[in-house]
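Chains as they are written, first to last, in numbering that gives the first Met the number 0: chain B, 0 to 482; chain Z, 0 to 124; chain X, 0 to 335. All residues carry an ideal CB built from backbone N, CA and C; glycine is no exception. Note sheet for the following structure.
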Amino acid sequence: MDYLHDINAFLPGVIVALAGLVTITIDAYKNDHGSIYGLTVFSLLAGLILSVMDMFGPVGEAFTGMITYGGVSAFGSSVVLFGALFCVLISREYLSAIDHEYGEVYSLLLIATAGMLGLVSANNLIMIFIGIETMSICLYVLAGIIKGQKIGAEASLKYFLLGAFSTGFLLYGMALLYGATGSLYLTEIAEGASSDLLFIAGAALLLVGFFFKVSAVPFHMWTPDVYQGTPTTITAYMATASKSAAFVALLIVLSKMIPAETANWAGVIEVIAILTMVMGNLIAIVQDNIKRMLAYSSIAHAGYLLVGLAAGTPEGYSAVLFYLFAYTIMNIGAFGVVAYYERQQGLDFTDINNYVGLGFKKPLMGVLLSFFLFSLVGIPPFVGFVGKYLIFAAAINAGYIALAVILALASAASVYYYLRPMVYMYFKDPHKDVPLVRSGIVFRSTLVVLAALTLYFGIAFGDLHNLLSSFYTADWVTHLVGQ
Amino acid sequence: MFENYLPIAILAGVAVVLAILLMTLSRVLGPYRPNKTKLDPYESGMDPVGDAANRYSISFYLVAIAFIVFDVEVVFVYPWAVSYLDFGPGTLVSMIIFILELYVGLIYLIKKGALDWDLKKGMFN
Amino acid sequence: MEPVTTTSYIVLGIALFMLLNSAALAVYAERRVAAFIQNRWGPNRVGPYGLFQPIADVVKLLLKEDVTPARGFKTIHAIAPMIPVFTALMTVAVIPFGDGLYATDINSGVLYILAINSLGVYGITLGGWASNSKYSLLGGLRAAAQMISYELPMGLAVASCILFAGSLSFIDVVNSQEVWWNVIRNPIAAVIFIVTAFAEANRTPFDLPEAEHELVGGYHTEYSSMKFGMFFLAEYMHVVVGSMLITTFFFGGYHLPFAGLWLPEMGVTAKAILDVSVFVLKTVFFAFLFIWVRWTIPRFKYNQVMKLGWKRLLPISIFNFLGLAVIVYFWHHYIA
Chain B
0 MDYLHDINAF LPGVIVALAG LVTITIDAYK NDHGSIYGLT VFSLLAGLIL SVMDMFGPVG
60 EAFTGMITYG GVSAFGSSVV LFGALFCVLI SREYLSAIDH EYGEVYSLLL IATAGMLGLV
120 SANNLIMIFI GIETMSICLY VLAGIIKGQK IGAEASLKYF LLGAFSTGFL LYGMALLYGA
180 TGSLYLTEIA EGASSDLLFI AGAALLLVGF FFKVSAVPFH MWTPDVYQGT PTTITAYMAT
240 ASKSAAFVAL LIVLSKMIPA ETANWAGVIE VIAILTMVMG NLIAIVQDNI KRMLAYSSIA
300 HAGYLLVGLA AGTPEGYSAV LFYLFAYTIM NIGAFGVVAY YERQQGLDFT DINNYVGLGF
360 KKPLMGVLLS FFLFSLVGIP PFVGFVGKYL IFAAAINAGY IALAVILALA SAASVYYYLR
420 PMVYMYFKDP HKDVPLVRSG IVFRSTLVVL AALTLYFGIA FGDLHNLLSS FYTADWVTHL
480 VGQ
Chain Z
0 MFENYLPIAI LAGVAVVLAI LLMTLSRVLG PYRPNKTKLD PYESGMDPVG DAANRYSISF
60 YLVAIAFIVF DVEVVFVYPW AVSYLDFGPG TLVSMIIFIL ELYVGLIYLI KKGALDWDLK
120 KGMFN
Chain X
0 MEPVTTTSYI VLGIALFMLL NSAALAVYAE RRVAAFIQNR WGPNRVGPYG LFQPIADVVK
60 LLLKEDVTPA RGFKTIHAIA PMIPVFTALM TVAVIPFGDG LYATDINSGV LYILAINSLG
120 VYGITLGGWA SNSKYSLLGG LRAAAQMISY ELPMGLAVAS CILFAGSLSF IDVVNSQEVW
180 WNVIRNPIAA VIFIVTAFAE ANRTPFDLPE AEHELVGGYH TEYSSMKFGM FFLAEYMHVV
240 VGSMLITTFF FGGYHLPFAG LWLPEMGVTA KAILDVSVFV LKTVFFAFLF IWVRWTIPRF
300 KYNQVMKLGW KRLLPISIFN FLGLAVIVYF WHHYIA
């Protein structure tokens, strides 16, 4: 049966979407967060296991070519589900501590995740559009989940308005591409590609839409405000899962749909990458709010990832995939520790100045935050270093020396703002003694697992890197296309 | 095929002309003696207070938003209902899934009280 | 689709003329039936049995002063009453009155009717808003929320008829009922459609947009002269059109019950006369039903209206549609 094959190919997405519907129904009938939470974790875990298994399986197409499975799609799904799972694990305690645990949060997370899974397996522009919209609309709501505060409303409204605007660009680009080539399938568009204005304009508008979603400069304006106003664990979800999904989709679009010889997008991405790295790092330096600092740092990381895309080689693509995974692990960890501090009463723990002396009060959390921040800087033996090194090497090998140099310099600049919280935590005395509430066992062990993964993949990265490289063997284009 | 729409176009013209004709006729035949009191909005004989453009219940917006969702469902249903017999069971199953998905949304709306207009029971009262 | 012929234009002209007259007749009928139900006489002075009363009403309305509220939006205030008249008149183009007696046969007739029908809400809402009066605005808002709410079950009820017809053309919808009327095959949808037709026409028990105890006149508080007359006229035209649609969708259109089984072959003229009389009789019956209900059943409260629409009719119509779709599918593929 065709249907069974199709559903099997998209099984993680089907499970997650179904769980989203069931959780909504449970939430409608009774206020039972326990079972909703359990179901969410279970479905995400099931999806994660399935898509990790899928990574080693065959590559192919389903739903009349609308989606692909295996290979890059499976890896993208795994990263998205990994991010969603760990965000949900740390969300429960944080959200109930700040008194904003709603059943809807989990339903929205699940449905957004289903959208992301569609996005990373997309093989058709319509599928990309549906994926991005399913994801974004849930995120607009999640951004404003703290209804009573102005900052949450601002985040939600700003994200919604700018997001709707960028979706307009995206859709208009798709329409022009359809007009230029007569198809919505990525591979068919690549065949019909020409360098006439219609195609170039369509590709450009499509890229603008994507640049907004991955918050590349100059389309980054929403990022700090939204990240600041959203509950921290949800911010972690936005910064990792949704960004990974958008990046994988961008990678698929660039590698499959827009041949480098017709549209010289490598030059465009090069410029955007430089702008993003420089702006993100420079503005992050002056931030006092740790969530805004992490927001600008996530912009900077988008810049590093764009370097890998600009390289445009199989090596670059596999480096980008590796970096996405690395970034997901360490960023969830960093946001998780911030979430732990932030929910403490007494002081505003989003302000870095209030981090003085925290390192010795709760040693575990201090060490964990140091782990994640070191990894974000890119210091060996953490996973961030490996990711950055792979992208650096790919840029050098592809001949983008200038880009590689700027990447190195920008990373050096980032040392300042990543190490600043640590300096406050360990080398300054507290001016006010605030009692810190102990974190729950699930919360703590989740962060410990993340830290362990940061270390593990920083040392034993070989297997994962080989697997990612194998997605891009010599005939990687046909491999991607799956025929 | 498009000439089948010609009677409709003619009818639209006739309808518009008729409506305008009735309107102008009363303007021509009727008297016109306005004064300030007569042109004030009616407020049960009192002097009107403030403007009519005031804040009103959020429930109206909620109904409008919910309407859009289900109207799209209904619009999708029509072409499907015309041609679903020509396809395999997959088409039927897809539509059942689609409608049930939206039905979950309806259950959520109802249970959360978004469609309750009773005092002290609805979402925002 | 049959091509448009001269007959089409003749039918269109007669239908238009009859619809305008029928609105006037419906006004007269309403007053007489109301009087009958309330055991009094009703209008009986103007002409025999008061038959010329509607004409006198129209003349009176034409001679009244046309007042436009000073603080309102004058253009929209003037346009608003035209919209319901326009939408009511537009519907007759696709309704078949007999075998071959229709203005035009388009393959999207049902969608056309639903589209035109849903435009009607604009007239009332804009009229209520442009008057800049509190009563008008509330009436307009109520009308908007109520009419869009009842459009959904109505749409699904109609869709469940499309399952039997397999086409969006009205001719096919009517011909699919030659033997079995849809009211027999699909009684739940028939009830839902009748209820929603009442709500869409803003008739009692759904006349909250103009509930005189709460809102003075509702959306037409600030309307006078023929502008008010047009709202008034449109309401009765919607009653007639609603009756026509009930007849067409669920009561076999111009077909007699089980006509396909026993009705012998007839000459063209005889068939045409029979068809039109059958159609008119059914329409008159449902117009009478509209009036009958108005003078029998009290008005709902607004929360009850919304509850009925969203929590009862919509789920019922959804499951009715799905169930019928499955049954028709299996009937078509495995039994027939």
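{"Check": "Cβ-based burial, residue 382/B [other Cβ within 10 Å; buried from 16]", "Outcome": "buried"}
{"Check": "Members of the segment 116-146 of chain X near chain Z, C-beta cut-off 8 Å", "Outcome": "130, 131, 132, 133, 134, 135, 136, 137, 140, 143 and 144"}
{"Check": "Cβ contact (3+ pairs, closer than 8 Å) linking the segment 75-87 of chain B and the segment 221-228 of chain B", "Outcome": "no"}
{"Check": "Neighbour list for residue 103/Z in chain B, Cβ cutoff strictly below 7 Å", "Outcome": "20, 23 and 24"}
{"Check": "Chain B contact for residue 83/Z (CB, 8 Å cutoff)", "Outcome": "no"}
{"Check": "Exposed unless 16 or more other CB atoms sit within 10 angstroms - verdict on residue 330/X", "Outcome": "exposed"}
{"Check": "Within chain Z, the residues that residue 229/X reaches when beta carbons sit closer than 8 Å", "Outcome": "18, 21 and 22"}
{"Check": "The segment 83-98 of chain Z: positions lying closer than 7 Å to chain B by Cβ", "Outcome": "89"}
{"Check": "Exposed unless 16 or more other CB atoms sit within 10 angstroms - verdict on residue 430/B", "Outcome": "exposed"}
{"Check": "Other residues of its chain near residue 115/X: CB distance less than 7 Å, five sequence neighbours each side excluded", "Outcome": "86, 89 and 90"}
{"Check": "At least three beta-carbon pairs within less than 8 Å, the segment 45-60 of chain Z to the segment 82-99 of chain Z", "Outcome": "no"}
{"Check": "Chain Z contacts made by the segment 72-92 of chain B, where a contact means CB separation under 9 Å", "Outcome": "none"}
{"Check": "Cβ shell of residue 19/B (< 7 Å), same chain only, five flanking positions each side left out", "Outcome": "106, 109, 110 and 113"}
{"Check": "Neighbour flag for residue 172/X against chain Z, beta carbons, 8 Å", "Outcome": "no"}
{"Check": "In chain order, each alpha helix (DSSP H) run of at least 4 residues that lies wholly inside the segment 7-31 of chain X", "Outcome": "none"}
{"Check": "Minimum Cβ-Cβ distance from residue 60/Z to chain B less than 8 Å", "Outcome": "no"}
{"Check": "Cβ-based burial, residue 68/B [other Cβ within 10 Å; buried from 16]", "Outcome": "buried"}
{"Check": "Residues in the segment 50-80 of chain Z having any Cβ partner in chain B nearer than 7 Å", "Outcome": "none"}
{"Check": "Local conformation of residue 411/B per DSSP, three classes", "Outcome": "helix"}
{"Check": "Sequence-distant residues of the same chain with beta carbon closer than 7 Å to residue 364/B, five excluded per side", "Outcome": "336 and 339"}
{"Check": "Contacting positions in the segment 30-46 of chain Z - beta carbon closer than 8 Å to chain X", "Outcome": "30, 31, 32, 33, 35, 37, 38, 39, 40, 41, 42 and 43"}
{"Check": "At least 3 beta-carbon pairs within less than 8 Å: the segment 297-315 of chain B vs the segment 269-278 of chain B", "Outcome": "yes"}
{"Check": "Reduced DSSP category for residue 310/B - H, G, I as helix; E, B as strand; rest coil", "Outcome": "helix"}
{"Check": "Cβ-Cβ separation, residue 248/B to residue 119/B (assumed contact under 8 Å), whole Å", "Outcome": "6 Å"}
{"Check": "Cβ neighbours of residue 486/B in the same chain (closer than 7 Å, five flanking residues each side left out)", "Outcome": "For residue 486/B there is no data in the structure shown, the boundaries of chain B being 0 and 482."}
{"Check": "Test: residue 100/Z CB closer than 8 Å to a CB of chain B", "Outcome": "yes"}
{"Check": "Backbone CA spacing between residue 33/X and residue 47/Z [nearest angstrom]", "Outcome": "35 Å"}
{"Check": "Rounded straight-line distance, which links the Cα of residue 11/X to that of residue 206/X", "Outcome": "31 Å"}
{"Check": "Pick from 50/X, 326/X, 97/X and 308/X that is closest to residue 114/Z, judged by C-alpha positions", "Outcome": "308/X"}
{"Check": "Helix, strand or coil at residue 64/X according to DSSP, with G and I counted as helix", "Outcome": "coil"}
{"Check": "Simplified DSSP state of residue 67/B, which is helix, strand or coil", "Outcome": "strand"}
{"Check": "Alpha-carbon to alpha-carbon, residue 4/Z and residue 102/X", "Outcome": "10 Å"}
{"Check": "Chain-order list of residues whose beta-carbon lies under 6 Å from that of residue 220/X (same chain, five-residue window excluded)", "Outcome": "132, 134 and 135"}
{"Check": "Contact belief for residue 410/B with residue 387/B at Cβ below 8 Å, rounded distance in angstroms", "Outcome": "6 Å"}
{"Check": "Residue 60/B - containing alpha helix (DSSP H), residue span", "Outcome": "Careful: residue 60/B lies outside any alpha helix (DSSP H), inside the beta strand (DSSP E) at 59-61."}
{"Check": "Spatial neighbours of residue 165/X in its chain, beta-carbon cut-off 8 Å, leaving aside the 5 residues before and after", "Outcome": "171 and 175"}
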